[in-house]
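Asker: The structure is given below, and queries will be raised subsequently.
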Amino acid sequence: MADFVQLPVESVTQHASAVEGVTDAVRSARAAVSSVTMDPGAYGLLCGFLPGVLSGVFEVAVVAMNGSADALEETALNLRAAVRTIESTDSAAAATLLSR
């Protein structure tokens with residue numbers, strides 16, 4: 046007897062929505078990091094070097110967040126595509142069985 050694979054498509058669809066929510070959160074965080082400006086005068090003479098150091102950190106953070114958001118978005122799209130494929134395959138198999 047063949048083994049069967051059961052995939053709860055509703056759960057996968059819910060997971061895709063959750064991943065999209067995380068994508069939105071990462072994009073919001075990226076927008077916040079992108080809008081941060083560092084005033085050298087805010088740190089005084091002793092720590093005046095910090096804005097230069099931190100701006101490099103912010104640039105790296107934006108690049109990392111861009112990659113993360115893109116990967117999350119692609120993951121959500123792939124999850125939804127998998128659900129469509131599974132539903133289509135199940136429908137085709139059911140139609141084949143019913144036509145016999």
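Residue numbers (the numbering used here): 46 to 145.
Just so you know, even glycine gets a beta-carbon here, dropped at the ideal spot from N, CA and C.
Quick caveat, the model's predicted, so the values are computed rather than measured.
Quick check on Val-64: buried or exposed, where buried means 16 or more other Cβ atoms within 10 Å of its Cβ?
Answerer: On the sequence shown, position 19 is the one that residue 64 refers to. That one is buried.
Asker: In angstroms, rounded to a whole number, what distance separates the CA positions of Ser-100 and Val-108?
Answerer: By 1-based counting over the sequence shown, the position of residue 100 is 55. By 1-based counting over the sequence shown, the position of residue 108 is 63. C-alpha separation (whole angstroms): 13 Å.
Asker: At the level of alpha carbons, what is the spacing between Val-78 and Ala-106?
Answerer: Taking the sequence shown and counting its residues from 1, one reaches residue 78 at position 33. Taking the sequence shown and counting its residues from 1, one reaches residue 106 at position 61. The straight-line gap from Cα to Cα measures roughly 8 Å.
Asker: With distances taken from CA atoms, which of Ile-131, Leu-117, Gly-112, Cys-92 is nearest Val-50?
Answerer: For the purposes of this step, residue 50 is taken as the residue at position 5 of the sequence shown. It is Ile-131 whose Cα lies nearest to the Cα of Val-50.
Asker: Give the C-beta separation of Ala-114 and Thr-68 to the nearest angstrom, bearing in mind that I take them to be a contact with Cβ-Cβ under 8 Å.
Answerer: Within the sequence shown, residue 114 is the residue found at index 69, counting from 1. Within the sequence shown, residue 68 is the residue found at index 23, counting from 1. Indeed, because the Cβ distance is near 5 Å, the residues count as touching under 8 Å.
Asker: Could you give the C-beta distance for Ala-121 and Ala-61, rounded to a whole number, given that I count them as a contact under 8 Å?
Answerer: Counted from its first residue, the sequence shown places residue 121 at position 76. Counted from its first residue, the sequence shown places residue 61 at position 16. Confirmed, about 5 Å.
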